Amino acid sequence: MLKFILDILSVPAVLIGIVSMIGLIAQKKGLSDILKGSIKTVMGVLILGGGAGIAVAALSSFGIMFQQGFGINGVVPHNEAIVGMALKEYGTQTALIMAFGMVVNVLIARFTPLKFIFLTGHHTLYMACMIGIILTVGGMQGTYLVIVGSLLLGFIMALFPAIAHPTMKKITGSDDVAFGHFGTIGYVFAAWIGSIFGNKEKTTEDINFPQGLTFLRDSSLAISLVMLILFFIVAIASGPDFVQEKLSGGQNFLVFSMIQAITFAGGVYVILAGVRLVLAEIVPAFTGIATTLVPNAKPAIDCPVVYPYAPNAVLIGFLSSFAGGVLGMAILLLFEKSMPGLPIILPSVVPHFFCGATAGVFGNATGGLKGCIFGAFAQGLLITFLPVLLMPVMGNLGFANTTFSDADFGVVGIILGNIIHLIQ
Amino acid sequence: MKILVCCGSGLGSSFMIEMNIKKVLGEIGVEAEVSHSDLSSASGIKSDIYVGTRDIATQLTSLGGIVVSLNNMIDKNELKEKIVQAIDQVK
Numbered sequence: 001m002l003k004f005i006l007d008i009l010s011v012p013a014v015l016i017g018i019v020s021m022i023g024l025i026a027q028k029k030g031l032s033d034i035l036k037g038s039i040k041t042v043m044g045v046l047i048l049g050g051g052a053g054i055a056v057a058a059l060s061s062f063g064i065m066f067q068q069g070f071g072i073n074g075v076v077p078h079n080e081a082i083v084g085m086a087l088k089e090y091g092t093q094t095a096l097i098m099a100f101g102m103v104v105n106v107l108i109a110r111f112t113p114l115k116f117i118f119l120t121g122h123h124t125l126y127m128a129c130m131i132g133i134i135l136t137v138g139g140m141q142g143t144y145l146v147i148v149g150s151l152l153l154g155f156i157m158a159l160f161p162a163i164a165h166p167t168m169k170k171i172t173g174s175d176d177v178a179f180g181h182f183g184t185i186g187y188v189f190a191a192w193i194g195s196i197f198g199n200k201e202k203t204t205e206d207i208n209f210p211q212g213l214t215f216l217r218d219s220s221l222a223i224s225l226v227m228l229i230l231f232f233i234v235a236i237a238s239g240p241d242f243v244q245e246k247l248s249g250g251q252n253f254l255v256f257s258m259i260q261a262i263t264f265a266g267g268v269y270v271i272l273a274g275v276r277l278v279l280a281e282i283v284p285a286f287t288g289i290a291t292t293l294v295p296n297a298k299p300a301i302d303c304p305v306v307y308p309y310a311p312n313a314v315l316i317g318f319l320s321s322f323a324g325g326v327l328g329m330a331i332l333l334l335f336e337k338s339m340p341g342l343p344i345i346l347p348s349v350v351p352h353f354f355c356g357a358t359a360g361v362f363g364n365a366t367g368g369l370k371g372c373i374f375g376a377f378a379q380g381l382l383i384t385f386l387p388v389l390l391m392p393v394m395g396n397l398g399f400a401n402t403t404f405s406d407a408d409f410g411v412v413g414i415i416l417g418n419i420i421h422l423i424q
Numbered sequence: 425m426k427i428l429v430c431c432g433s434g435l436g437s438s439f440m441i442e443m444n445i446k447k448v449l450g451e452i453g454v455e456a457e458v459s460h461s462d463l464s465s466a467s468g469i470k471s472d473i474y475v476g477t478r479d480i481a482t483q484l485t486s487l488g489g490i491v492v493s494l495n496n497m498i499d500k501n502e503l504k505e506k507i508v509q510a511i512d513q514v515k
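The listed protein sequences correspond, in order, to chains A and B. Per this note's numbering, the first sequence runs over residues 1 to 424. Per this note's numbering, the second sequence runs over residues 425 to 515.
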């Protein structure tokens, strides 16, 4: 019997389902809602794993072609892909750290001056996952790991919105809403660069910027297009013979690359569908409970909350951050000559879009158009270099062709990973 | 009646707006199915009203429903006013 219970609890999907069930019970939902919500959450975790399988298969052909074509290790940072991969091995830790981390966040907001409730559920999930990986790789386990991980996660959830808040007040012109997205260090960095080099009187919103690129806001489409370009480059570099013999089973190398690129985007799409199901019950429960227990707390909301304040800065920030990512990659390629084995971080479209756009709005708030351009560019460089230092502390997952992309994952992971390394 | 809220990846901000819309519907006593999605999926989810922030609302105009464009994601008054107006149009 005990083994049966342990077996059930060690399946991450079930564990996350139980977290969701507790949330539904706490909200006093009816039996049918509890059943529906819990089963959908379990299904979400399973779908997420399926999506990861699709994305990772496509990514591994990319990695092989990159290695063949350039003789180096190419990495496309993507939160969804790495979390999808990691949940197989670290799902239990992730689920427990996430659940108790949210409790810690509420306690911190209730009893300390850090009055922020972090409502961006998918980032809570990703951060819980990353902390779980790093603590496990650092040698922690069991209850000890969950306690340390939850305290850390809860603290991070309250602290990062506080770091972003001074600039956030400039952007929104009010003190009511906070910012909750784990790219904060990159955005605050962009705002700082903006304040040095820019002039906030000359804002991005005074110019007439073509809105044609808005279609890239559709992330599945943007991933397909950029991966298509990246896949074509590596396929041409590794040569048609290699691709057709080793990977595609005779299919034309460009056709193969095109299908793989769109397959990767499809995998991410499936992962997102899974994440959406996982969060469907947990986020409203957390929001309801947290706002009841801490009525004076400020809700920290996902990054697109700032986009309507400066739609031009969103597009300019994306382009500028992406340019930073390309330059960053070129710098890594130069360094690789003297440091063989250095992973080459490629410009990945999703982080450059969301984080670049947000960095653009933050840079615009402190330094106008120039602040937006320079701030987002600096952010683009930052999210290219951080993964290089993050990957070594992630154990086996450090050798994957993908990793966490946004700045705070890098900063938290690097600090945490190295502290544990020193202690052990 | 079906209301769909959209954002870039259909995870965070659209979900937040969905929860606020449900609150508004409760206040004005209107029954409707509210959900959220990313932009790619939106075209496959037939809805009466599509909601997005103004920076992506132009992407929703071809979907065949009434489009609500929000200037401010967190302004509940703006949301309420525009949702009520859109619901009247559907009726």
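Glycine residues also receive a C-beta, built at the ideal position from the N, C-alpha and C atoms. Since this is a predicted model, take the numbers as computed values, not measurements.
| Asked | Found |
| --- | --- |
| Would you report the Cα separation of Ile72 of chain A and Leu390 of chain A, rounded to the nearest angstrom? | 18 Å |
| Is there a Cβ of chain B sitting closer than 8 Å to that of Val314 of chain A, yes or no? | yes |
| Mind listing which residues of the region 451-464 of chain B have their C-beta closer than 7 Å to chain A's C-betas, in chain order? | Asp462, Leu463 and Ser464 |
| Under 7 Å between beta-carbons, which chain B residues line up against Leu272 of chain A? List them in chain order, please. | Ser433, Gly434, Leu435 and Asp462 |
| Does any C-beta atom of chain A lie closer than 8 Å to the C-beta of Ile507 of chain B? | no |
| Give the list of continuous alpha helix (DSSP H) stretches no shorter than 4 residues that lie fully inside the region 64-139 of chain A. | 79-111 and 121-137 |
| Are the C-beta of Thr214 of chain A and some C-beta of chain B separated by less than 8 Å? | yes |
| Alpha carbon to alpha carbon, how far is Pro308 of chain A from Thr120 of chain A? Give it in angstroms, no decimals. | 18 Å |
| On the three-state DSSP scale, how would you describe Gly180 of chain A? | coil |
| Terminal residues of the continuous alpha helix (DSSP H) containing Val349 of chain A? | Val349 to Leu390 |
| List the residues of chain A that Met443 of chain B touches, going by C-beta distances under 7 Å, in chain order. | Pro284 and Thr287 |
| Any beta carbon of chain B sitting closer than 8 Å to that of Ser320 of chain A? | no |
| According to DSSP, which residues form a beta bridge with Gly49 of chain A? | None, per the DSSP bridge assignment. |
| Rounded to the nearest angstrom, what separates Asn501 of chain B and Ala510 of chain B at their Cα positions? | 14 Å |
| Applying the 10 Å Cβ sphere with the 16-neighbour rule, what's the burial state of Glu245 of chain A? | exposed |
| Have a look at A:Ile82, A:Leu319 and A:Phe70 and flag the residue whose alpha-carbon is nearest the alpha-carbon of Pro340 of chain A. | A:Phe70 |
| Could you tell me the alpha carbon to alpha carbon distance between Ile97 of chain A and Ile236 of chain A, rounded to whole angstroms? | 44 Å |
| Which residues bound the beta strand (DSSP E) around Asp462 of chain B? | Glu457 to Asp462 |
| Return no unless some Cβ of chain A is closer than 8 Å to the Cβ of Asp512 of chain B. | no |
| Comparing the C-beta of Pro311 of chain A with each C-beta of chain B, is any distance below 8 Å? | yes |
| Go ahead and pull the three-state DSSP assignment for Thr477 of chain B. | strand |
| What's the gap between the Cα of Ser467 of chain B and the Cα of Ala273 of chain A? | 15 Å |
| How is the alpha helix (DSSP H) around Lys504 of chain B delimited, first residue to last? | Lys500 to Val514 |
| What residue range does the alpha helix (DSSP H) around Pro311 of chain A cover? | Pro311 to Ser338 |
| When you check each C-beta in the region 60-75 of chain A against every C-beta of chain B, which residues fall closer than 7 Å? | none |
| Any chance the CB of Val103 of chain A is under 7 Å from a heavy atom of the ligand ADP? | No copy of the ligand ADP appears in this structure; indeed no ligand is present at all. |
| Please state if the CB of Ser224 of chain A and the CB of Ala265 of chain A are separated by a distance shorter than 8 Å. | yes |
| How many Å lie between Val475 of chain B and Val429 of chain B at the Cα? | 5 Å |
| Taking a contact to mean a Cβ-Cβ separation below 8 Å, would you say Gly363 of chain A touches Lys202 of chain A in this structure? | no |
| Quick one: Cα of Ile490 of chain B to Cα of Gln211 of chain A, how far? | 22 Å |
| My output table needs one value for Leu428 of chain B: the three-state DSSP class, helix, strand or coil. | strand |
| Could you please give the first and the last residue of the uninterrupted alpha helix (DSSP H) stretch that includes Lys446 of chain B? | Ser437 to Ile452 |
| Can you find the residues in the same chain that come closer than 8 Å, C-beta to C-beta, to Leu6 of chain A, ignoring five residues on each side of it along the sequence? | none |
| What does Ile469 of chain B reach in chain A if we use C-beta pairs closer than 9 Å? | Residues of chain A passing the Cβ test: none, with the nearest at roughly 12 Å. |
| Run through DSSP, which three-state label would Ile490 of chain B get? | strand |
| Do Ala456 of chain B and Leu449 of chain B have their C-beta atoms closer together than 8 Å? | yes |
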